[in-house]
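**Q** Sending over a structure as structure tokens; questions will come in a sec.
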Amino acid sequence: MTRSLRDPSILVRRPAPPTRQLPASLPQMLRCLDPSANIALPIRPGGSKSSTTDCAQATHGTELSMLGLNRIKHIDTYNHVVTAECGVRIGELVAALADEGLELCGSHDQTQRTLGGAISSPCIGVGIGNSSSLLSGQLAGLKAITASGKVMKVEADQQNLLNAFRLSYGMLGTIVEATLNVRPISTFTAKHRKLDIDTFATVSDRLAQGNIGMRFSLLPYMNEVYLELRHYDSTPGNSHDTPWRIKDWGESTVLPNVFKSLNRVVPFRSARYKLIDKISSATHNFVSSKFVSAGNNVSAGGRHQRKKSANLLESTWCFPASDFSVVVQAYAKFCRESFAQTAYRCDMPAYGFRIAQDNSALLSPAFDEPVFALQTLSTQRKGWENFALDLSEFAENWGGTPMFHRTEAIRDGYANQMYSGRIEFFRKIRRQLDPENRLLNPYLGRYFR
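16 is the number of the first residue of the sequence shown in our numbering; add one for each residue after it.
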């Protein structure tokens, strides 16, 4: 049954499963998933708990923590591949690859995520040109345990099955080991521009088609966009970790902590938001324009694990790049009008990434065309749920594609529409591999039963 946007069940938060298993080896994993084992269902694999939806939760059942499977098994510097267990953190993997002169093919923001989670659900970042912005696009093979407790190996020549396992949200089997394509470290030039929203809209169409990487910070109440463009250059200059770490520290640590404090101690809304906007603008001016001019996917993505602030609420939607010049103007207007009508607004900037077309996964949000992923963030919980519902209605009107682990308030009928026949094909594969729904929780059951 299709749910309306105002159905409260879309946003209900459920407690974590009462039972938790922490296997540290393949035999232990096999015992956990053995159908004859006395284990509560459904079984949901989990890692860093980065999901902002109930994707990995259930009202009952078992959480299968993958953090104990955390070995990097082999780095092949000749063929440029790495094999690692699913519980390895992305930051740890980046650091180990860098020691061998290698890097991931994209720059991924959430380096605290586990490898299995980053393959099973979209892990986005800045990719230059047509290189994949989704880490799952680098997957060359995997080992998984199916719902029936059997080991399954999927090799590079099994493209249809590999495409199904990428971004499968743990519904086809629990990934225990993955092999990724990597590459030698390449340095890029990073240029920064401060634009008003209308100017950004004017240039976004042209930039979306260029051989560049693109990230931006959007301050709708200040009419400001801080644009970061990355491109490879014959003489890009020196790349150092420290400027990128300062930049990330300012955006991901200072801003949410300061804003949460201001929301507690400054009672007058107009004064509080004026101060928040000025701090946000000054921070982006300082950490982007003054520090960062060159980098690589090690320095920009981060060999140091960056922990997502527990204060942040998030809803991320992907919009077609071909329409984004109009969408970004409409989004800024939506934010301002919503604030005027409801007195609620997000205190954090929105962040955006250009994602190149990627049809390597059945459930890729960029399967048909390049998209812009727009992350709406806030530290203010009171009023967030109604705002998230309004944001979903806005996104539907503008053809936004949801991501099941990071998008609030997705109607099941709308998910079917945006993923079209691919979601039904995925359902058929899922039913073959998990006919008893051992890996399917109620949240995912809305869309994939």
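Glycine included, C-beta positions come from ideal geometry on N, C-alpha and C.
For the beta strand (DSSP E) that contains L234, what are its first and last residues?
**A** Its beta strand (DSSP E) spans residues G228 to L234.
**Q** Just the Cα atoms here: how many angstroms apart are I90 and L112?
**A** If you take the alpha carbons of I90 and L112, they lie about 7 Å apart.
**Q** When the Cα atoms are used, what is the spatial distance from V169 to P335?
**A** Distance between the alpha carbons of V169 and P335: 31 Å.
**Q** Closest to F306 by CA distance: which of H207, S267, L222 and I212 is it?
**A** The shortest C-alpha separation from F306 is found at H207.
**Q** Only counting the same chain, and skipping five residues up and downstream in sequence, which positions put a Cβ closer than 7 Å to that of G185?
**A** Same-chain partners within the cutoff: R59, P60, S135 and L454.
**Q** Evaluate F349 with the Cβ neighbour count: other Cβ atoms within 10 Å of its Cβ, from every protein chain shown; 16 or more gives buried, anything less gives exposed.
**A** The residue in question, F349, is buried, as its Cβ has 16 or more Cβ neighbours within 10 Å.
**Q** Using beta-carbon positions only, say whether D373 and L79 come within less than 8 Å of one another.
**A** Not in contact: D373 and L79 (Cβ atoms no closer than 8 Å).
**Q** Is the Cβ-Cβ distance between S375 and R198 less than 8 Å?
**A** Contact: no.
**Q** Could you give the DSSP three-state label for V218: helix, strand or coil?
**A** Reduced to three states, the DSSP call for V218 is helix.
**Q** Tell me whether G140 is buried or exposed, calling it buried when 16 or more other Cβ atoms sit within 10 Å of its Cβ.
**A** When all chains shown are included, G140 counts as buried.
**Q** May I ask you to report which of helix, strand or coil DSSP gives K88?
**A** DSSP places K88 in strand when its eight states are reduced to three.
**Q** Are N326 and K275 close, meaning C-beta to C-beta below 8 Å?
**A** Yes.
**Q** Using the rule of at least 16 other Cβ atoms within 10 Å of the residue's Cβ for burial, across every protein chain shown, is A309 buried or exposed?
**A** Result: buried.
**Q** Assuming the contact rule is C-beta atoms closer than 8 Å, Q395 and N272 should be a hit. Round their C-beta distance to whole Å, please.
**A** About 14 Å separates the two Cβ atoms, so there is no contact after all.
**Q** Between I54 and the rest of its own chain, which residues show a CB-CB distance below 7 Å, the 5 nearest in sequence each way excluded?
**A** Within the same chain, I54 has close Cβ partners C47 and T77.
**Q** Under the assumption that L130 contacts A193 (Cβ atoms under 8 Å), give the Cβ distance between them as a whole number of angstroms.
**A** L130 to A193, Cβ: 6 Å. Contact.
**Q** Does the beta carbon of S379 come closer than 8 Å to any beta carbon on chain D?
**A** This model lacks chain D altogether; it includes just one protein chain.
**Q** Would you call the segment 356-372 and the segment 434-448 touching, i.e. three or more CB-CB distances under 8 Å?
**A** No: the two stretches stay apart, fewer than three of their Cβ pairs being nearer than 8 Å.
**Q** Identify the continuous alpha helix (DSSP H) that holds R442 and give its terminal residues.
**A** Taken as a continuous stretch (DSSP letters only), the alpha helix (DSSP H) holding R442 covers D427 to L448.
**Q** Counting along the chain, where does the beta strand (DSSP E) carrying V197 start and finish?
**A** Unbroken run through V197: none, as it is neither H nor E.
**Q** Tell me whether E115 sits in a helix, a strand or coil according to DSSP, three-state version.
**A** DSSP places E115 in coil when its eight states are reduced to three.
**Q** Touch check for the segment 387-404 and the segment 160-168: three-plus C-beta pairs under 8 Å?
**A** At 8 Å Cβ cutoff, the stretches do not touch.
**Q** Helix, strand or coil for H299, going by three-state DSSP, please let me know.
**A** Residue state, collapsed to three classes: helix.
**Q** Which residue or residues does DSSP assign as beta-bridge partners of K206?
**A** L244.
**Q** If you count every other CB in all the chains shown that lies within 10 Å of the CB of Y93, and 16 or more means buried, which is it?
**A** By the 10 Å Cβ count, Y93 comes out exposed.
**Q** Just the C-alpha distance for P32 and T202, rounded to the nearest angstrom, thanks.
**A** For P32, the predicted structure reports a pLDDT of 44, less than 50, and the residue's modelled location is therefore unreliable. The matter cannot be settled from this model.
**Q** Ignore the nearest five residues each way along the sequence and tell me which others in S146's own chain have a CB closer than 7 Å to its CB.
**A** The answer, listed in chain order, is C120, G121 and A371.
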